[in-house]
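Numbering (the working numbering), first residue to last: -1 to 427.
Okay, structure first, notes after.
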Ligand SMILES: [Zn+2]
Ligand SMILES: [Zn+2]
């Protein structure tokens, strides 16, 4: 058995892992790396057409963003995943096609990619690329899955995982059996703050601003944290822990909210029960408002909370709000997620006094707050997860920068054979 990373080795982004033995072969994830420029997986010349089977862990573009390109380049793969993933991939690829830079596929390729997607339930057994495959809950976003493959050996690929569980999702499945574990290490050198503390800080920051008569902007990634934050705010407002103000949702975060609602059977049981067995549906809460494009300025009139894309201020309606609200020191922007180097979000957190939006210098007088609500596991959670796998002999660490992966490799090497592969390196399993 052989493993090759065409992306996602010693980096976060463009996850694409090839697993092959005799007559079996499958690609695990097929993403792009988004940054100042888009980087594709490093497939060798002529390789793409050989890809017949692709299993997808979840909808984030660093795991799915290259699927339509594959189709555009003439490949005819079958894709496998959870139904929520198929639906979310559909809106994310369509949006990426519309607003992305240097896009080499069109709307028809997106439709064709989605048409090639076969969906399964968690734990359902099916065959893909000659392997016997099962998908297990990964706890990262709705529909996110770990992929368990059985060929000559048992292999578990985590994709992105969270062990904690959230308002909507159970934490990832534990204690599975595998000879080889391909594991993410985004936060392999970092312990994440407790969810409870982060939520308490979020509520405190919002209350302060509303009391002063200000507006709160929460930039959000379109799928995952955005929905979690919206539902969290709704429940705090309903219980009276937050003052009743309008919660505006704008941009892709709103579209993804619809798909979350349609696929609620992939959320944890208590959420499903609450929605299906009572009239109490948090997704259609009276606190949520959707501004029309031309009404965005009306939103600015009274204190409110705006949750909108994009998460690192690289585009989307958040820029319109920031432009209108940044002059007033009563207002506040709250960052809840990772801000990559070079983005406006990172510049603001590093202390910039102004940012450029549509070729205008926008002065920042509003307050700035930061907290971490992550969909990933921190270092000790990842280590615990690995130690829980039964029969485990070998670990391949991916989806993390070199520093994170090395930090995780060290404690694991005491018990397992650990590889931190380089791009295109062949790892024997
Ligand atoms: Zn992800
Ligand atoms: Zn990822």
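Backbone N, C-alpha and C define an ideal beta-carbon position, used for all residues, glycine too.
* Under 6 Å Cβ to Cβ from residue 428, same chain only, skipping five residues before and after it: list those, please. => With the chain covering -1 to 427 only, the question about residue 428 has no answer from this structure.
* With respect to 8 Å, is the separation between the Cβ of residue 442 and the closest non-hydrogen atom of ligand 2 below this value? -> Any answer about residue 442 is impossible in this case: the structure gives the chain only from -1 up to 427.
* Rounded C-alpha distance that separates residue 79 from residue 416 -> On the chain shown, position 81 is the one that residue 79 refers to. On the chain shown, position 418 is the one that residue 416 refers to. The alpha-carbon atoms of residue 79 and residue 416 are separated by roughly 28 Å.
* Asked: If you follow the beta strand (DSSP E) that residue 53 is part of, which residue opens it and which one closes it?
  -> In the chain shown, counting from the first residue as 1, residue 53 sits at position 55. Residues 51 to 53.
* Supposed close pair residue 171, residue 134 - CB separation, criterion 8 Å -> Sequence index remark: in the chain shown, residue 171 carries index 173 (1-based). Sequence index remark: in the chain shown, residue 134 carries index 136 (1-based). With 8 Å as the limit, residue 171 and residue 134 qualify as a contact, their Cβ atoms being about 4 Å apart.
* Specify which residues have a beta carbon nearer than 5 Å to any heavy atom of ligand 1, listing them in chain order. => 58 and 158
* Neighbourhood of residue 105 by C-beta distance below 8 Å, restricted to the same chain and skipping five residues each side -> Walking along the chain shown from the start, residue 105 turns up at place 107. Hits under 8 Å: 92 and 95.
* Asked: Among residues of its own chain, excluding the 5 on either side of residue 407, which ones have a beta-carbon nearer than 7 Å to its beta-carbon?
  -> Working through the chain shown from its first residue, we reach residue 407 at position 409. Only 395, 416 and 418 meet the Cβ criterion.
* Asked: Based on the DSSP secondary-structure assignment, which residues constitute the bridge partners of residue 286?
  -> Counting from one through the chain shown, the residue named residue 286 turns up at place 288. Answer is 245, bridged to residue 286.
* Asked: Among 191, 35, 14 and 328, which residue has its Cα nearest to the Cα of residue 52?
  -> Mapped onto the chain shown, residue 52 falls at position 54. Nearest of 191, 35, 14 and 328 to residue 52, Cα basis: 14.
* To do: Check whether the Cβ of residue 183 lies closer than 8 Å to any heavy atom of ligand 2, and answer yes or no.
  => Taking the first residue of the chain shown as position 1, residue 183 is located at position 185. No, Cβ of residue 183 sits at least 8 Å from all heavy atoms of ligand 2.
* Asked: Are there three or more Cβ pairs, one per stretch, closer than 8 Å when the segment 111 to 125 is compared with the segment 333 to 350?
  -> no
* Based on the DSSP secondary-structure assignment, which residues constitute the bridge partners of residue 151? -> To locate residue 151, count along the chain shown from 1; it is residue 153. The partner list for residue 151 (beta bridge, DSSP) is empty, contrary to what the question assumes.
* Asked: Span of the alpha helix (DSSP H) holding residue 207?
  -> The residue labelled residue 207 in the question sits at position 209 within the chain shown. Taken as a continuous stretch (DSSP letters only), the alpha helix (DSSP H) holding residue 207 covers 193 to 209.
* To do: Any chance you could list the alpha helix (DSSP H) runs of at least 4 consecutive residues sitting entirely within the segment 261 to 336, in chain order?
  => 267 to 275, 294 to 297 and 316 to 323
* **Three or more C-beta pairs below 8 Å linking the segment 184 to 203 and the segment 302 to 310** => no
* Grouping DSSP H, G and I as helix and E and B as strand, with all else coil, what is residue 64? -> Counting from 1 along the chain shown, the entry for residue 64 is found at position 66. Coil, per DSSP.
* To do: Report the option in 280, 103 and 154 whose CA atom is closest to the CA atom of residue 66.
  => On the chain shown, residue 66 is found 68 positions in, with the first residue counted as 1. Ranking the options by Cα distance to residue 66, first place goes to 103.
* What residues match up with residue 26 in a beta bridge as DSSP calls it? -> Within the chain shown, the letter at position 28 stands for residue 26. DSSP lists 15 and 53 as partners of residue 26.
* Would you mind working out which of 89, 152, 299 and 11 sits nearest residue 212, comparing C-alpha positions? => One-based indexing of the chain shown puts residue 212 at position 214. When only C-alpha atoms are compared, the closest one is 299.
* To do: Can you tell me the Cβ-Cβ gap for residue 140 and residue 167, rounded? I've got them flagged as a contact below 8 Å.
  => One-based indexing of the chain shown puts residue 140 at position 142. One-based indexing of the chain shown puts residue 167 at position 169. Confirmed, about 7 Å.
* **Euclidean distance between Cα positions of residue 428 and residue 236** => Any answer about residue 428 is impossible in this case: the structure gives the chain only from -1 up to 427.
* Segment contact, 8 Å Cβ cut-off, at least three pairs: the segment 318 to 328 with the segment 262 to 270 -> no
* Looking at residue 34 and residue 340, is the spacing between their C-beta atoms short of 9 Å? -> Here residue 340 is taken as the residue at index 342 of the chain shown, counted from 1. Here residue 34 is taken as the residue at index 36 of the chain shown, counted from 1. In contact: residue 340 and residue 34 (Cβ atoms closer than 9 Å).
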